[in-house]
Ligand code: BGC
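Residue numbers (the numbering used here): 591 to 1404.
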């Protein structure tokens, strides 16, 4: 039996006894079966020991459930970058409570979240899905989130352990990371979350670190995570990341997902019988899974970790609150915001078709979305708002959505219908055996996406096909494509993440529905590791003359008191599965902003992007508000903030600057290797080291009031800060505490974020806050002794509003 960690309570001990009893009742085949997914999202039930099937689901902004379908919608919260921008671990905890509530509603026991990889480079494709470039902030937000989810009796898998910071060749890349960087940056959030939130799970990444793939990393999993940190949860592979039997079990991997074909199950039982693997190793993994099952309440005879559930949460209200608390006002010249009374010209394609979440496994299907257009229409007086598109960033085909009413029809080889399913949009994503009711792989021959499309615009509409294999595309009775799409690379997820190919360009009339049909003959390439069915119908609106669109917007802006331009990235820019190649806004959006700003001095730009984009016009506009991927209530939250009903509460969790200045831009491996040559200098540490000035620094963000920092005192490890709301409105300030070694040391960052706290005050009110400095803020990882080393000496405590807006200092000697 595993050593009993000191923090185990009596209830933990009782649960451990139940786990041991259950383990003792299992034979080798059942044990190894339990370590292998039975399908895309679940582990098998073992009724003989009273164990129900464990269900897992993505994560992190909602709970999709076991189907890629709109049938069972989920609340969609703002992107993880947004959550981090609140700098509020308690709000992250409340988000977690809501997600646990959603999980329970859907019968999900483990949420595949949070993502706590680092914003190493702004080019990372899943940047929107991680929190920050700062390990301390990441750890605090992640710990809040995990605490919240687990307080609702639902498990988490902190992911992706470790150094999964970019997407290019993510299945095979060997990230070469120095020990200091590994400890101080990439492992640090995992360590903090293990220490402060005791997660019940971890997900090991696809990539290798220093030559060993993470699902087999004995040192980092068994010695560091479990040994040094005392992690007692389960370790699940990222989907298809487990590639070997013996090396995985010896590397501390408990569960191989997805099933049914994995390297565990029967293969693991065989390895034990042949003497290659000790049964004790299997037992240890089973123990970890049974402990998880006990915690989430699906092992008979074991008391769940949570017996009293938190109060129910209103998901829509919380989504709206997090969104407005996350919006970062980076520029507000002459108090351009809140909006002055008068006419508002709302401009931008994303103002109407909001981008509320990022692409890939983080996708969930909300029951509704409030766009900026809807939010502002509801909030402003009748007749105050006009809308023009201005520019269409969808310069490429995207999954068919707006105007499409589609369902999937499954047929056998004789053409008989064997099942149907509602689909949320043009994407079919049936992973493993997750097929519509009544449909099995052996009978399924074709899937037809069929329904209608009602165009919003008259003109040539482009239709495309994403996926591999044979397709027939018919629109309004005409067959435009009937051929085979072949693979271009070896990524098993290419059918999902690859680019759609244009296949038809019919002339259509606004408001006149046409029949559409895309039929796919199922003929899986043998190496498609996930199995299942994945393809999409893609669409692009007629491309109107870009100059005309801009001219219309300029006209509207001229007639208004304020112009609000919403600019955005697209699903082809920010998604799991690929990295970005630049940080530019797609299409003619930059030209649009410049033209509108020239026509109206009160131009407010709303940036709807999950991660940094370049804002080359930022000095030409009155205000810039970053709204991330704001989740389903984003438009309502935007109206709250623009009208001044609430102040925007966010502070940058990551530096925003141009690609040319960005310190770390290498995300493409050479010969399979990606060296992290920048060592411990990423994010603000690197901007500072290189003496470069970003567009907006780490920690920056304006509210609608002002703050005067009055005093800072240090007593032991406590930093006491007094400040006053010196503006005219109530507000919230994030007091940031940085620690700078007094003697510059080229090996160490000039300063690090050592603590922060949110305070609220009415106009004129004074508040005091105490921030505790963690010991780790004074430590560096010493490679020679392979241990943390406390660096004695004198430091400056720097307190203020952002990493560059430091208002007060105090000296400290340690
Ligand atoms: C992603 C994980 C996700 C899993 C299941 C993987 O491709 O990297 O973050 O949890 O799929 O959807």
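Quick reminder that beta carbons are idealized off the backbone N, C-alpha and C, glycines included.
Values in this document were obtained by computation on a predicted structure and should not be read as measured data.
Which value, in whole angstroms, describes the spacing of the CA atoms of residue i and residue j?
| i | j | result |
| --- | --- | --- |
| residue 962 | residue 674 | 22 Å |
| residue 851 | residue 791 | 22 Å |
| residue 957 | residue 666 | 9 Å |
| residue 652 | residue 986 | 27 Å |
| residue 594 | residue 785 | With a pLDDT of 47 at residue 594, under the threshold of 50, the predicted position of this residue should be treated as unreliable, though the coordinate-derived value follows. Distance between the alpha carbons of residue 594 and residue 785 is about 16 Å. |
| residue 1012 | residue 1041 | 11 Å |
| residue 787 | residue 683 | 10 Å |
| residue 715 | residue 1320 | 37 Å |
| residue 622 | residue 669 | 37 Å |
| residue 753 | residue 1163 | 22 Å |
| residue 981 | residue 939 | 6 Å |
| residue 717 | residue 863 | 44 Å |
| residue 605 | residue 612 | 11 Å |
| residue 1253 | residue 1203 | 15 Å |
| residue 830 | residue 680 | 34 Å |
| residue 649 | residue 635 | 23 Å |
| residue 1135 | residue 707 | 41 Å |
| residue 979 | residue 1143 | 7 Å |
Does the distance from the CB of residue i to the CB of residue j come in under 8 Å?
| i | j | result |
| --- | --- | --- |
| residue 828 | residue 875 | no |
| residue 1240 | residue 1291 | yes |
| residue 1405 | residue 1268 | Within the shown structure, residues of the chain are numbered from 591 to 1404, placing residue 1405 beyond reach of any answer. |
| residue 1065 | residue 1007 | no |
| residue 927 | residue 966 | no |
| residue 711 | residue 763 | no |
| residue 1189 | residue 1210 | no |
| residue 930 | residue 1151 | yes |
| residue 1299 | residue 1398 | yes |
| residue 1400 | residue 1303 | yes |
| residue 1036 | residue 1110 | yes |
| residue 1310 | residue 1356 | no |
| residue 858 | residue 879 | no |
| residue 811 | residue 834 | no |
| residue 723 | residue 1272 | yes |
| residue 1095 | residue 1052 | yes |
| residue 747 | residue 700 | yes |
| residue 777 | residue 814 | yes |
| residue 749 | residue 689 | no |
| residue 1045 | residue 1099 | yes |
Checking the sheet assignment: what are the DSSP bridge partners for residue i?
| i | result |
| --- | --- |
| residue 766 | 1265 |
| residue 1065 | 1068, 1106 |
| residue 1162 | Beta-bridge pairing links residue 1162 to no other residue. |
| residue 1246 | 1286 |
| residue 825 | 792 |
| residue 1043 | 994, 1104 |
| residue 921 | 1214 |
| residue 1379 | 1370 |
| residue 1020 | 1123 |
| residue 1403 | 1384 |
| residue 646 | 700 |
For the beta strand (DSSP E) containing residue i, list its first residue and its last residue.
| i | result |
| --- | --- |
| residue 1315 | 1308-1315 |
| residue 551 | Because the chain spans 591 through 1404 in this model, residue 551 falls outside it and cannot be assessed. |
| residue 1388 | 1384-1390 |
| residue 1092 | 1091-1094 |
| residue 1323 | 1321-1331 |
| residue 1012 | 1007-1012 |
| residue 1196 | 1193-1198 |
| residue 1078 | Premise fails: residue 1078 is in no beta strand (DSSP E) and is neither H nor E. |
Alpha helix (DSSP H) containing residue i: first to last residue?
| i | result |
| --- | --- |
| residue 871 | 869-886 |
| residue 1375 | Here residue 1375 belongs to no alpha helix (DSSP H), and DSSP marks it neither H nor E. |
| residue 729 | 725-741 |
| residue 1348 | Premise fails: residue 1348 lies in the beta strand (DSSP E), 1342-1351, not in any alpha helix (DSSP H). |
| residue 603 | 600-614 |
| residue 786 | 778-787 |
| residue 642 | Neither: residue 642 is in no alpha helix (DSSP H) and is coded neither H nor E. |
| residue 951 | Residue 951 -> no alpha helix (DSSP H), and no H or E assigned at all. |
| residue 623 | 618-624 |
| residue 1138 | 1136-1148 |
| residue 863 | 856-863 |
Is residue i near ligand 3, going by C-beta to nearest heavy atom under 7 Å?
| i | result |
| --- | --- |
| residue 809 | As far as ligands go, the structure on display features ligand 1 and does not contain ligand 3. |
Which ranges would you report for the beta strand (DSSP E) in the stretch 1253-1302 if only whole runs of at least 3 residues count?
-> 1263-1265
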